[in-house]
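Numbering (mature numbering (1 follows the signal peptide of the UniProt record, and there is no 0)) for the sequence shown: -24 to -1, 1 to 188.
Every residue, glycine too, gets a C-beta built ideally from N, C-alpha and C.
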Amino acid sequence: MRASMKPGTFLLAFTLLCTLLGLGCPLSCEVCRGSGPTCSGKMKTCEAGKDACVVVVGESCTKGRHAVNTYKACMKYSDCYSGFVSTTMGPKDYMVSNTRCCQSDGCNQGSVPPPQNNRTENGLQCPACIAPFQETCPGTQAARCVGQETHCVYFAGNVQAGLITPKFATRGCATESACFAKAGAQVPSASYLYFLRRADCLPARQAPSRAE
Ligand SMILES: *[C@@H]1O[C@H](CO)[C@@H](O)[C@H](O)[C@H]1NC(C)=O
């Protein structure tokens, strides 16, 4: 009996072999970006150093404008946080997202549940600012934290928005999960890809009561 090897079997054998030999097999992930709670795109081979597939579903509010977006791509596993992140820079500027990171071919196909968006103030506050095209941000305003946001973040770096990658700086409230983002990391949101040069994270303080 002659055994003919199917292409799938061959690929599996190759993947198994390069895994066993520790050769760092290239991963392939679905790549897309779009509005709505999911998107679909082509499978692409990840460039060297990107050893995870990611899917992010985010709900954002920018100057009061709401949007739900999805992002799927390759990224570095050590930069990837799986779970819920919430950030608030002001009452009309915030973002909540759910992310899943995984490490097998095409594992970011499909979708993740849309994030919860709990806008109930929790009594904490943070210095806040949004400074597009700037390297720093004064934080002279205060943002009131909501839901599970217990930390204050200061992110700065560059943000990829289409073909341009301008500087940005921003401060505000965040869930502790946002502290996973470190300077030097490439962090996707549902809408943009951030190259972080600065990523500070501190516990938030109690806000003065509104009655005062
Ligand atoms: C929303 O956030 C508030 C403030 O942290 C909290 O008391 C409340 O339990 C949260 N609600 C839900 C449904 O998680």
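Residue i and residue j closer than 9 angstroms at C-beta
{"i": "residue 83", "j": "residue 183", "result": "no"}
{"i": "residue 50", "j": "residue 20", "result": "yes"}
{"i": "residue 102", "j": "residue 59", "result": "no"}
{"i": "residue 66", "j": "residue 117", "result": "yes"}
{"i": "residue 129", "j": "residue 177", "result": "yes"}
{"i": "residue 31", "j": "residue 88", "result": "yes"}
{"i": "residue 152", "j": "residue 112", "result": "no"}
{"i": "residue 150", "j": "residue 73", "result": "no"}
Cα-Cα separation, residue i to residue j
{"i": "residue 164", "j": "residue 47", "result": "8 angstroms"}
{"i": "residue 174", "j": "residue 132", "result": "5 angstroms"}
{"i": "residue 45", "j": "residue 91", "result": "11 angstroms"}
{"i": "residue 107", "j": "residue 99", "result": "25 angstroms"}
{"i": "residue 79", "j": "residue 25", "result": "12 angstroms"}
{"i": "residue 172", "j": "residue 185", "result": "34 angstroms"}
{"i": "residue 23", "j": "residue 33", "result": "23 angstroms"}
{"i": "residue 180", "j": "residue 124", "result": "11 angstroms"}
{"i": "residue 119", "j": "residue 64", "result": "7 angstroms"}
{"i": "residue 70", "j": "residue 145", "result": "14 angstroms"}
{"i": "residue 162", "j": "residue 170", "result": "6 angstroms"}
{"i": "residue 85", "j": "residue 10", "result": "14 angstroms"}
{"i": "residue 75", "j": "residue 3", "result": "18 angstroms"}
Local conformation of residue i per DSSP, three classes
{"i": "residue 166", "result": "coil"}
{"i": "residue 183", "result": "coil"}
{"i": "residue 27", "result": "coil"}
{"i": "residue 152", "result": "helix"}
{"i": "residue 188", "result": "Unreliable positioning characterises residue 188 in this predicted model, as indicated by a pLDDT of 48, which lies under 50. The coordinate reading is nonetheless provided below. In this structure, residue 188 counts as coil in the three-state DSSP scheme."}
{"i": "residue 11", "result": "strand"}
Paired residues, beta bridge with residue i - DSSP
{"i": "residue 107", "result": "145"}
{"i": "residue 43", "result": "36"}
{"i": "residue 71", "result": "36, 63"}
{"i": "residue 130", "result": "147, 176"}
{"i": "residue 21", "result": "4"}
{"i": "residue 100", "result": "182"}
Closer than 9 angstroms to chain B by CB, residue i
{"i": "residue 179", "result": "Any reference to chain B falls outside this structure, which holds one protein chain only."}
Worksheet item: Is there contact here, the stretch 44 to 60 with the stretch 153 to 171, by at least three beta-carbon pairs under 8 angstroms?
Response: yes
Worksheet item: Does the stretch 35 to 50 come close enough to the stretch 132 to 148 to have 3 or more Cβ pairs within less than 8 angstroms?
Response: no
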